[in-house]
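Numbering (this note's numbering), first residue to last: 1 to 177.
Next up, the structure:
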C-alpha cells in the first residue's frame, strides 16, 4: 500500500515540471539574454573605424577602378592557365591587336607556346593593386610597373604590355588598349 501514494506523488510532480520550466507557457525559452559590453571591447561607435583586418580590404574595394583591376587580374591569371573563357575581358575590336589574326580563343588555347614557363608562373600570382583614372570614370589605366608579382617580374612582351587601358562596356570592364 505504501507504493501507491509514492507513485501518485511521483506522477504528479513530473506532471508539474514542464509548465514550470517554460514559465507557464508550455514553450521552451529560446530568447537570449541582453548583450553586455566586454571591458576593452569597442562596439563600433562613430569614432571607431572598421576592424584592423577589414580596413585594408575595404580601402582596396573603395579604391578607384576596383572592378577594372579585378578584370585585368582575371585576364592575366587566365592567360597563365590558357583559359579561353578570359576572352570576355578583352574588347572585341582589340582582340586582333593583342592576339593577332588567330584571335583570343586560339591564343589562349596555345598560351603555353606563347609564354615561357617563368612568365606563366609569374602571371599565376599577379596582383593589380592600383589603377589611374582616365578621361572619365569608365576608363582606367594600369601600368606594367604597377603590377605586383609573386616572384620575378617578367619583361613586357605580347600580352604583357607596358600599359593596359580598361574601359567599361555595358556592365563589363574590358581591356581596350
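Ideal Cβ placement from N, Cα and C applies to all residues, glycine included.
Predicted model, so just to flag it, every value in this text is computed and none were measured.
- Task: Rank 133, 156, 118, 145 by C-alpha distance to the C-alpha of residue 66 and give the top, closest one.
- Result: As a working mapping, residue 66 is identified with position 66 in the chain shown. Closest by alpha carbon: 133.
- Query: Could you give the residue range of the beta strand (DSSP E) that holds residue 99?
  - Reply: Counting from 1 along the chain shown, the entry for residue 99 is found at position 99. Looking at the DSSP string, residue 99 is not in any beta strand (DSSP E); the run it does join, the alpha helix (DSSP H), is 92-99.
- Query: Between the Cα of residue 108 and the Cα atoms of 158, 84, 93, which residue gives the shortest distance?
  - Reply: By one-based count along the chain shown, residue 108 stands at place 108. Of 158, 84, 93, the residue nearest in Cα terms is 84.
- Message: Classify residue 118: buried if its beta carbon has 16 or more other beta carbons within 10 angstroms, exposed otherwise.
- Response: The residue you call residue 118 lines up with position 118 of the chain shown. Its Cβ having fewer than 16 others within 10 Å, residue 118 is exposed.
- Task: Specify, as a first and last residue, the run of the alpha helix (DSSP H) that residue 173 falls within.
- Result: In the chain shown, counting from the first residue as 1, residue 173 sits at position 173. Per DSSP, residue 173 belongs to no alpha helix (DSSP H); it is in the beta strand (DSSP E), 172-175.
- Tell whether a beta-carbon distance below 8 Å holds between residue 138 and residue 167. Looking up residue 138 in the chain shown gives position 138. Looking up residue 167 in the chain shown gives position 167. In terms of Cβ geometry, residue 138 and residue 167 form a close pair [threshold 8 Å].
- Message: Suppose the cutoff is 6 Å on Cβ atoms and the five residues either side in sequence are ignored; what does the same chain contact list for residue 80 look like?
- Response: Residue 80 sits at position 80 when you count from the first residue of the chain shown. Once the five neighbours on either side are set aside, the close Cβ partners of residue 80 are 120, 123, 124.
- Query: If you drop the 5 nearest sequence neighbours on each side, which residues of the same chain put their C-beta closer than 7 Å to that of residue 131?
  - Reply: On the chain shown, position 131 is the one that residue 131 refers to. Hits under 7 Å: 64, 65, 68, 69, 140, 141, 142.
- Going by CA-CA distance only, name the one from 157, 146, 93 that's closest to residue 73. Within the chain shown, numbered from 1, the residue matching residue 73 stands at position 73. Cα-wise, what sits closest to residue 73 is 146.
- Task: Taking the CB atoms as reference points, tell me whether residue 165 and residue 152 lie closer together than 8 Å.
- Result: What you label residue 165 is simply residue 165 of the chain shown in a count that begins at 1. What you label residue 152 is simply residue 152 of the chain shown in a count that begins at 1. It is not a contact, given that the beta carbons lie outside the stated cut-off.
- Task: Assign residue 154 to one of two classes, buried (16 or more other C-beta atoms within 10 Å of its C-beta) or exposed (fewer than that).
- Result: As a working mapping, residue 154 is identified with position 154 in the chain shown. Counting Cβ neighbours within 10 Å, residue 154 comes out buried, since at least 16 surround it.
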